[in-house]
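K.L.:
Here it is, the structure in full.
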Amino acid sequence: MKMKHALPLTAGVMMALAGGALYVTGAGVIAADHLDPPGRTSPANDATPDTAADIADIFAWHTATDINLVLTFAGPQAADQPAVYDPDVLYTINVSNAAPRTTPDIPVEVRFGQASGSNSFGVQVSGLPGVTGTIEGAVETDLVKDGVRVRTGLFDDPFFFDLQGFRDTLSTGTLSFDNQRDFFAGQNLTAIVITIPRDRIENGSNLVDVWATTARLGGQL
Amino acid sequence: MTTKFSRSLRGKLATAPLIVTLGLLAACGNDEMAAPPVVVAPTPTPSPTPTPTSFDVGPCLNQVVPGTGGVTVAGAVVPDTLTLNLAADAGFPNGRLLADPVIDVTLAVIFLDLSRNGPGTLAGLPLNPSANDVPLPMGFPFLAPAQGTQVMTSPGSGFTFRTDAASAYTRVDRMGMPAVSTALIGSSQKNAYNDADPVNDADGDFVPELTSQLTGLTNALADDLVAAGLTPCARAM
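So the protein sequences, as listed, match chains A and B.
Residues 1 to 221 in the numbering used here are what the first sequence lists, from first letter to last.
Residues 222 to 458 in the numbering used here are what the second sequence lists, from first letter to last.
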């Protein structure tokens with residue numbers, strides 16, 4: 001049996017609380033955004049889940065020189081499954097750097113494309129500040145232009161959470177959370193990673209707001 | 222629901238020695254576990270029927286998240302965006318790094334009196350796994366390579382991309398802060414929430430829903446938070 005770290009009782013109590021919290025909401029799955037909204041993206045709630053358009057997570061952080069944006073989607077999925085590149089989905093990473101904070105001053109749009117009749121996919125990123133035109137090229141490749149670096153591809157799902165413990169706690173009423181158990185371990189997803197020089201986005205002392213959206217051509221599945 | 226969980230917890234609290242660890246509980250697999258070691262179990266006293274208490278979550282929504290330069294919990298969730306203060310150190314809720322324990326921090330921030338139990342209280346236990354299962358590279362592309370073996374795409378060029386305007390597409394999903402849509406928006410509002418934009422959040426369109434969901438959670442859990450030695454941010458009415 002896997003060794004588990006000893007935790008004070010408080011930890012056990014809190015784990016049950018977390019399970020309870022999630023139960024109350026009626027959310028079948030608690031995750032960052034994986035499989036949400038369930039009626040459109042979860043196989044448990046939708047006969048035609050739109051996996052490609054299912055945002056898993058959006059990450060955004062700054063360093064001394066850059067702002068990094070990571071949008072993950074189509075996950076978590078088993079490690080034997082390929083990446084998901086759907087030419088009919090528009091991915092937008094919205095960045096606001098001026099008041100009001102809710103307007104997407106810098107909408108970065110990402111589309112996937114295919115070379116005709118092949119298992120060969122490319123990515124196109126438009127709306128990048130300081131980049132002339134778009135950044136285009138093959139997936140699974142570092143693409144660099146005008147100081148911006150882009151890579152899309154299949155990656156390990158970086159999210160971590162004991163989803164199984166949550167479900168078990170709900171179904172059995174037994175405390176089953178285990179902080180050594182990560183539902184997302186060993187699973188993958190597809191991601192878009194963009195590094196932009198910080199001065200392309202920094203606007204005085206303004207806060208920078210980031211959010212992601214997905215949309216499908218021709219309506220929802 | 223107060224109820225099923227609370228009673229279950231009260232039972233455990235009444236019968237289990239304080240040094241019982243989660244590891245022991247979890248290892249057992251069910252509630253009919255043999256008595257844990259070092260037990261001097263008091264005779265269990267029947268739990269009184271919980272008196273429903275209603276809580277005002279206003280103090281939770283209005284408390285300032287330490288380290289953010291004055292951002293309140295409500296301000297962090299509405300509008301639903303990741304917010305970066307470039308003058309401060311990066312790390313959730315100031316932006317979000319791949320390795321940040323966002324679920325534990327979020328639960329602490331919405332349930333606990335942050336002047337008594339800091340945002341890192343639950344992450345410090347930790348409540349959930351504290352890190353990704355495989356190491357994350359320090360440099361670009363920051364994510365770890367895919368696990369397992371898959372059919373890979375072929376190298377190529379001459380890709381065809383759609384040129385339709387953004388307006389030709391139909392919204393499917395949106396995300397800003399982790400777990401807000403999943404945990405604080407009820408089923409009936411989920412599609413509307415994902416169809417909306419931060420400007421709608423800022424207009425207050427979903428404040429009643431967020432408040433209602435948080436109130437429901439707090440009504441169910443506040444006594445357990447107290448029993449765990451923590452101080453809820455909500456105030457009993």
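For each residue, glycine too, the CB sits at the ideal point set by N, CA and C.
Assuming Ala215(A) contacts Tyr390(B) (C-beta within less than 8 Å), just tell me the rounded distance between them.
P.N.:
Indeed they touch by this definition, with Cβ atoms about 3 Å apart.
K.L.:
Mark Met398(B) as exposed unless 16 or more other C-beta atoms lie within 10 angstroms of its C-beta, in which case mark it buried.
P.N.:
Classification of Met398(B): buried, given that the 10 Å Cβ count is 16 or more.
K.L.:
Rank Pro287(B), Ala400(B), Asp445(B) by C-alpha distance to the C-alpha of Pro37(A) and give the top, closest one.
P.N.:
Of Pro287(B), Ala400(B), Asp445(B), the residue nearest in Cα terms is Ala400(B).
K.L.:
Touching or not, the segment 407-418 of chain B and the segment 441-454 of chain B, by the rule of three or more beta carbon pairs under 8 Å?
P.N.:
Cβ pair count under 8 Å is below three, so no.
K.L.:
Below 8 Å on C-beta distance, what does Phe41(A) contact in chain B?
P.N.:
The displayed chain sequence assigns Thr, not Phe, to residue 41(A). Here the neighbours are Val393, Asp394.
K.L.:
Taking DSSP as the reference, what is the three-state secondary structure of Leu442(B)?
P.N.:
Three-state result, Leu442(B): helix.
K.L.:
Under 7 Å Cβ to Cβ from Gly117(A), same chain only, skipping five residues before and after it: list those, please.
P.N.:
So no residue of the chain qualifies.
K.L.:
Among Asp424(B), Gly407(B), Thr452(B), Leu446(B), whose alpha-carbon lies nearest the alpha-carbon of Glu430(B)?
P.N.:
Per the Cα distances, Gly407(B).
K.L.:
Between Leu357(B) and chain A, is the shortest Cβ-Cβ distance under 8 Å, so that the two count as touching?
P.N.:
Taking Cβ atoms only, chain A reaches closer than 8 Å to Leu357(B), which makes this a yes.
K.L.:
In whole angstroms, give me the CA-to-CA distance for Ala247(B) and Ala64(A).
P.N.:
Caution is warranted here: a pLDDT of 25 is assigned to Ala247(B), below 50, making its placement in the model unreliable, and the coordinate value is therefore given only provisionally. Cα to Cα, the separation comes out at about 44 Å.
K.L.:
Lys225(B) to Val299(B), Cα distance in whole Å?
P.N.:
Model confidence at Lys225(B) stands at a pLDDT of 35, short of 50, so the residue's coordinates are unreliable; what they give is reported in the following sentence. Using only the alpha carbons, I get a separation of about 32 Å.
K.L.:
Between the alpha carbons of Thr432(B) and Ala60(A), how many angstroms are there, rounded?
P.N.:
Computed Cα separation, rounded: 26 Å.
K.L.:
Anything in chain A within Cβ reach of Val298(B), meaning under 8 Å, just list it in chain order.
P.N.:
By Cβ distance, chain A contributes nothing, its closest Cβ being about 12 Å from Val298(B), past 8 Å.
K.L.:
Give, in chain order, every unbroken run of the beta strand (DSSP E) that is at least 3 residues long and sits entirely within the segment 111-163 of chain A.
P.N.:
DSSP runs (the beta strand (DSSP E)) wholly in the segment 111-163 of chain A: 121-126, 135-138, 143-145, 148-156.
K.L.:
Output needed for Ala295(B): all residues of its chain with C-beta closer than 6 Å, excluding positions within five of it in sequence on either side, in chain order.
P.N.:
These residues qualify, in order along the chain: Leu282.
K.L.:
Where does Val372(B) land, buried or exposed, given buried means 16+ other C-beta within 10 angstroms?
P.N.:
Burial call: exposed.
K.L.:
What are the residues of the segment 432-447 of chain B that lie near chain A, defined by any Cβ-Cβ distance shorter than 8 Å?
P.N.:
So the close ones are Gln434, Gly437, Leu438, Ala441, Leu442, Asp445, Leu446.
K.L.:
Using a C-beta cutoff of 8 Å, does Gln371(B) count as contacting chain A?
P.N.:
Yes, Gln371(B) lies at the interface with chain A (some Cβ there is under 8 Å from its Cβ).
K.L.:
By the three-class DSSP mapping on this structure, what secondary structure does Ile331(B) have?
P.N.:
Three-state result, Ile331(B): helix.
K.L.:
Between Val210(A) and chain B, is the shortest Cβ-Cβ distance under 8 Å, so that the two count as touching?
P.N.:
So, interface residue.
K.L.:
Please identify, using Cβ separations under 8 Å, the residues of the segment 380-392 of chain B that lie next to chain A, in order along the chain.
P.N.:
Per Cβ criterion, the list reads Phe380, Thr381, Phe382, Arg383, Asp385, Ala387, Ala389, Tyr390, Thr391, Arg392.
K.L.:
From the DSSP output, read off the bridge partner residues of Gly312(B).
P.N.:
According to DSSP, Gly312(B) bridges with Asn315(B).
K.L.:
Going by DSSP, name the residue or residues bridged to Tyr216(B).
P.N.:
One cannot answer for residue 216(B) here, as it falls past the ends of chain B, which runs 222 to 458.
K.L.:
What residue range is occupied by the uninterrupted beta strand (DSSP E) comprising Ser96(A)?
P.N.:
Counting along the chain, the beta strand (DSSP E) containing Ser96(A) begins and ends at 89-96.
K.L.:
Could one say the Cβ of Leu217(A) lies closer than 8 Å to chain B's Cβ atoms, at least one of them?
P.N.:
Cβ-Cβ to chain B under 8 Å: yes for Leu217(A).
K.L.:
How many angstroms separate the CA atom of Pro280(B) from the CA atom of Gly39(A)?
P.N.:
The straight-line gap from Cα to Cα measures roughly 33 Å.
K.L.:
Assess contact between the segment 345-363 of chain B and the segment 84-102 of chain A, defined as three or more Cβ pairs (one per stretch) separated by less than 8 Å. Is contact present?
P.N.:
Touching, no, given that fewer than three Cβ pairs across the two stretches are closer than 8 Å.
K.L.:
Note down, in chain order, each residue of its chain lying with its Cβ closer than 8 Å to the Cβ of Pro87(A), except the 5 sequence neighbours on either side.
P.N.:
If we look at Pro87(A) and ignore the five residues flanking it on each side, its Cβ neighbours are Arg111, Phe112, Gly113, Gln114.
K.L.:
For Leu207(A), decide whether its Cβ has a neighbour in chain B, counting only Cβ atoms nearer than 8 Å.
P.N.:
Yes, its Cβ sits closer than 8 Å to a Cβ of chain B.
K.L.:
In three-state terms, what does DSSP make of Leu282(B)?
P.N.:
Looking at Leu282(B) - three-state DSSP - the assignment turns out to be helix.
K.L.:
How would you list, in chain order, the residues of chain B whose beta-carbon sits under 8 Å from the beta-carbon of Ile55(A)?
P.N.:
Going along chain B in sequence order, the residues near Ile55(A) (Cβ under 8 Å) are Asp394, Arg395, Met396.
K.L.:
With a cut-off of 8 Å, do at least 3 Cβ pairs link the segment 134-150 of chain A to the segment 190-200 of chain A?
P.N.:
Taking 8 Å as the limit for Cβ pairs, the verdict is that the segment 190-200 of chain A does touch the segment 134-150 of chain A.
K.L.:
Please list the terminal residues of the continuous alpha helix (DSSP H) segment that includes Pro38(A).
P.N.:
It spans 38-41 - the alpha helix (DSSP H) in which Pro38(A) sits, taken as one unbroken run.
K.L.:
Let me see if you follow: with CB-CB separation under 8 Å, is Gly232(A) close to chain B or not?
P.N.:
One cannot answer for residue 232(A) here, as it falls past the ends of chain A, which runs 1 to 221.
K.L.:
Per DSSP, which one or two residues make a beta bridge with Asp50(A)?
P.N.:
DSSP output for Asp50(A) lists no bridge partner at all.
K.L.:
What do you reckon, are the CB atoms on Leu189(A) and Gln77(A) nearer than 8 Å?
P.N.:
Taking 8 Å as the Cβ cut-off, Leu189(A) and Gln77(A) qualify as a contacting pair.
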